[in-house]
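Below: the structure, in structure tokens.
Protein chains: 2
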Amino acid sequence: MRPLHTLLTLLLAFLAAGLQPALAAPAQEQTSPKPKVIFFDVNETLLDLESMRQSVGAALGGRQDLLPLWFSTMLHHSLVESATEQYHDFGTVGTAALMMVAKNNGIALTEQQARSAIVTPLLRLPAHPEVREGLQTLENQGYTLVTLTNSTRRGVQTQLENAGLADLFTDNLSIEEIKLYKPHLRTYRWAAERMGVKLEETLLVAAHGWDVAGAKAAGMPAIFVARPGQSLYPLAAEPDRTVKDIRELAEVLGKRP
Amino acid sequence: MRPLHTLLTLLLAFLAAGLQPALAAPAQEQTSPKPKVIFFDVNETLLDLESMRQSVGAALGGRQDLLPLWFSTMLHHSLVESATEQYHDFGTVGTAALMMVAKNNGIALTEQQARSAIVTPLLRLPAHPEVREGLQTLENQGYTLVTLTNSTRRGVQTQLENAGLADLFTDNLSIEEIKLYKPHLRTYRWAAERMGVKLEETLLVAAHGWDVAGAKAAGMPAIFVARPGQSLYPLAAEPDRTVKDIRELAEVLGKRP
Chain B
1 MRPLHTLLTL
11 LLAFLAAGLQ
21 PALAAPAQEQ
31 TSPKPKVIFF
41 DVNETLLDLE
51 SMRQSVGAAL
61 GGRQDLLPLW
71 FSTMLHHSLV
81 ESATEQYHDF
91 GTVGTAALMM
101 VAKNNGIALT
111 EQQARSAIVT
121 PLLRLPAHPE
131 VREGLQTLEN
141 QGYTLVTLTN
151 STRRGVQTQL
161 ENAGLADLFT
171 DNLSIEEIKL
181 YKPHLRTYRW
191 AAERMGVKLE
201 ETLLVAAHGW
211 DVAGAKAAGM
221 PAIFVARPGQ
231 SLYPLAAEPD
241 RTVKDIRELA
251 EVLGKRP
Chain L
1001 MRPLHTLLTL
1011 LLAFLAAGLQ
1021 PALAAPAQEQ
1031 TSPKPKVIFF
1041 DVNETLLDLE
1051 SMRQSVGAAL
1061 GGRQDLLPLW
1071 FSTMLHHSLV
1081 ESATEQYHDF
1091 GTVGTAALMM
1101 VAKNNGIALT
1111 EQQARSAIVT
1121 PLLRLPAHPE
1131 VREGLQTLEN
1141 QGYTLVTLTN
1151 STRRGVQTQL
1161 ENAGLADLFT
1171 DNLSIEEIKL
1181 YKPHLRTYRW
1191 AAERMGVKLE
1201 ETLLVAAHGW
1211 DVAGAKAAGM
1221 PAIFVARPGQ
1231 SLYPLAAEPD
1241 RTVKDIRELA
1251 EVLGKRP
């Protein structure tokens, strides 16, 4: 009877896993060891883009509603750059995207005006209210915190200084070093290598579904921060966990052995 | 004095080129021979997306203004697929993008509703008014016309049949065959190879800046169709020519030797 019993147990476990995928998450989580390096996406994940709505809206003749379209157009064209084997830094792509959105909506805008509307406000984004405390808790718990962004290294350093978060990070990695935008798989593999750790010893924390999709596809564990107005990409592998903010992230990671 | 004269001539030519980039286009055009195959993008280039505004708007609780955001999100995530080495067909990516836009805007929408709002209307888009006549003129002039799209082969065939254009095309190429979305350089190279011609013997006609960017970067000549609400990607190489519609395209190509 022993082999049959084993078979039935396996079969039941298989059915349970298939029927109740929600149960799989805690099991998976238990197997994840404490990450040696936590990579953080910056814009929206740590910093609040809301304050840009005004400057971008003003550049677009009062059309604050076009902020999501601009952001999406910028992200699309960052991948157009990689797909066509070109590279311009993220601020330049963002400026071009704003000019396209303006033109497509019949709004007059010069390159200089577009650049001013984006670059300075982007460098001065405030942190979401719980971020400083959450990151501080993680650092106190012994975690190594590193940013991993599509922005330039210098840009993200300025952003973190202005948001009062610069002291919490061991390093700031920018894809400008390999000139391939996230979520290219190589960006995640390069980041782990750059920090001298294995992919499975890291963790990506991001508020963007496409970023989570890339990390998971590359073999990097990922936690999604469900900021208002953000959602997962339904066709990608699910994150290992979803949290509402960085305070909850610190609570979750604080319980790991 | 000869070297100085040459230097001055070069300097003046350089300054003139820099100051008047518009002058570069006709010179470049003269060097292009008659293309052996003309590749056409389909959505927006030949077919009018305007009729989708209603169905997408209805799915989004009346928010017709979100159509450009949906389209941009779909294009972004088609490249997310390629960047993360995944592939879902364009209709599935479009459905996922619509669900994300709905969720990010607090609108309830099921996958089935999202799919219905997109797939059927997309297959029944009407041609822009001048397209049939313009393509017919090109065919009469002896050009070989082929579609090259991110949609599935079957999808574009249905679209062309419904729009009354199917008889004008020698073939319909879909990136589903190589599972890499335009503007990946490989898609343009593969298309030329598939038709048995050299890249420089082809021509891409598209109403999207990112498509023109990919073709030019791959070494394929390209003409931009400046449909209302569309603009070039300012950071990419310029197209060989810009036309306002397919009738003007036929006029321009009719003058070639």
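Residue numbers (the numbering used here), protein chains in the order written: chain B, 1 to 257; chain L, 1001 to 1257.
Each residue gets a CB set at the ideal place from its N, CA and C atoms; glycine is no exception.
Alpha carbons only, please: which of the options is nearest the one belonging to residue i?
i	options	result
B:Leu-109	B:Leu-145, B:Pro-68, B:Ala-59 and B:Leu-138	B:Ala-59
L:Ala-1117	L:Leu-1067, L:Glu-1085, L:His-1076 and L:Gly-1134	L:Leu-1067
L:Gly-1091	L:Pro-1126, L:Gly-1134, L:Glu-1085 and L:Arg-1153	L:Arg-1153
L:Asp-1065	L:Glu-1161, L:His-1076, L:Leu-1235 and L:Met-1052	L:Met-1052
L:Gln-1112	L:Leu-1123, L:Thr-1095, L:Asn-1172 and L:Ala-1250	L:Thr-1095
B:Glu-44	B:Glu-177, B:Met-195, B:Asn-150 and B:Lys-255	B:Asn-150
B:Asn-104	L:Glu-1248, L:Arg-1247, L:Glu-1238 and L:Pro-1228	L:Pro-1228
B:Ala-237	L:Phe-1071, L:Glu-1085 and L:Ser-1072	L:Glu-1085
L:Leu-1203	L:Gln-1230, L:Ser-1174 and L:Pro-1239	L:Pro-1239
State the Cα-Cα distance for the pair residue i and residue j, rounded to the nearest angstrom.
i	j	result
L:Tyr-1087	L:Glu-1050	27 Å
B:Asp-245	B:Leu-47	11 Å
L:Asp-1089	L:Phe-1169	22 Å
L:Val-1243	L:Gly-1134	12 Å
B:Glu-29	L:Arg-1241	The pLDDT assigned to B:Glu-29 is 48, lower than 50, so where the model puts this residue is not dependable, and the model offers no usable value.
B:Gly-155	L:Val-1252	46 Å
B:Glu-161	B:Ala-97	26 Å
L:Leu-1069	L:Ala-1226	19 Å
B:Leu-235	B:Ala-217	12 Å
B:Ala-22	B:Glu-248	Because the pLDDT of B:Ala-22 is 37, which lies under 50, any placement of that residue in the model is unreliable, and the question is left without a value.
L:Met-1220	L:Ala-1207	15 Å
B:Leu-123	B:Ala-163	9 Å
B:Pro-126	L:Met-1195	54 Å
B:Ala-24	B:Ala-222	Any reading at B:Ala-24 is ruled out, since the residue's pLDDT is 38, under 50, leaving its predicted position unreliable.
B:Val-119	B:Val-93	11 Å
L:Glu-1176	L:Leu-1075	15 Å
B:Glu-201	B:Ala-192	8 Å
B:Pro-129	L:Phe-1224	46 Å
L:Ala-1102	B:Asp-167	38 Å
What is the DSSP secondary structure of residue i, reduced to helix, strand or coil?
i	result
L:Asp-992	A question about residue 992 of chain L goes unanswered here, because the residues of chain L that appear run from 1001 up to 1257.
B:Ile-38	strand
B:Ile-118	helix
B:Ile-246	helix
L:Thr-1202	strand
L:Ala-1236	coil
B:Val-225	strand
B:Ala-108	coil
B:Ala-163	coil
B:Asn-43	strand
B:Ala-207	coil
B:Val-197	coil
L:Leu-1253	helix
L:Arg-1241	strand
B:Thr-149	strand
B:Thr-92	helix
I think residue i touches residue j, with their Cβ atoms under 8 Å apart; what is that distance to the nearest whole Å?
i	j	result
L:Lys-1034	L:Pro-1257	7 Å
B:Val-205	B:Leu-232	Rounded, the Cβ-Cβ distance is 14 Å, inconsistent with contact.
L:Leu-1079	L:Tyr-1181	6 Å
B:Ile-258	B:Thr-144	Outside the shown range of chain B, which is 1 to 257, sits residue 258 of chain B, and nothing can be said about it.
L:Leu-1165	L:Val-1197	Contact flag wrong, Cβ pair sits at about 22 Å.
B:Ala-83	L:Ser-1082	7 Å
Identify, in the order they occur along the chain, each residue of the same chain with its Cβ nearer than 7 Å to the Cβ of residue i, setting aside the five sequence neighbours on each side.
i	result
B:Ala-250	Gly-134, Thr-137 and Leu-138
L:Pro-1183	Trp-1210, Asp-1211, Ala-1213 and Gly-1214
L:Arg-1115	Thr-1095
B:Trp-190	Ile-178
B:Met-99	Leu-109, Glu-111 and Ala-114
L:Ser-1174	Thr-1149, Ser-1151, Thr-1152, Arg-1153 and Val-1156
B:His-77	Val-93, Ala-96 and Ala-97
Among the residues of its own chain, which have a CB less than 6 Å from the CB of residue i, if the five just before and after it don't count?
i	result
B:Ile-107	Leu-60 and Gly-61
L:Thr-1147	Phe-1040, Val-1042, Val-1156, Phe-1169 and Asn-1172
L:Gln-1141	Gly-1254
L:Arg-1186	Leu-1180
B:Pro-121	Met-52 and Ser-55
B:Gln-230	Ala-207
B:Leu-199	Ala-192, Gly-219 and Met-220
Can you find a heavy atom of the ligand FMN that lies under 7 Å from the Cβ of residue i?
i	result
B:Asp-48	Here there are no bound small molecules, and the ligand FMN is not part of this structure.
Under 8 Å Cβ to Cβ from residue i, same chain only, skipping five residues before and after it: list those, please.
i	result
L:Val-1063	The residue asked about is misnamed: residue 1063 of chain L is Arg in this sequence, not Val. The residues are Gly-1057, Asn-1105 and Ile-1107.
B:Ala-27	Caution is warranted here: a pLDDT of 40 is assigned to B:Ala-27, below 50, making its placement in the model unreliable, and no coordinate value can be reported.
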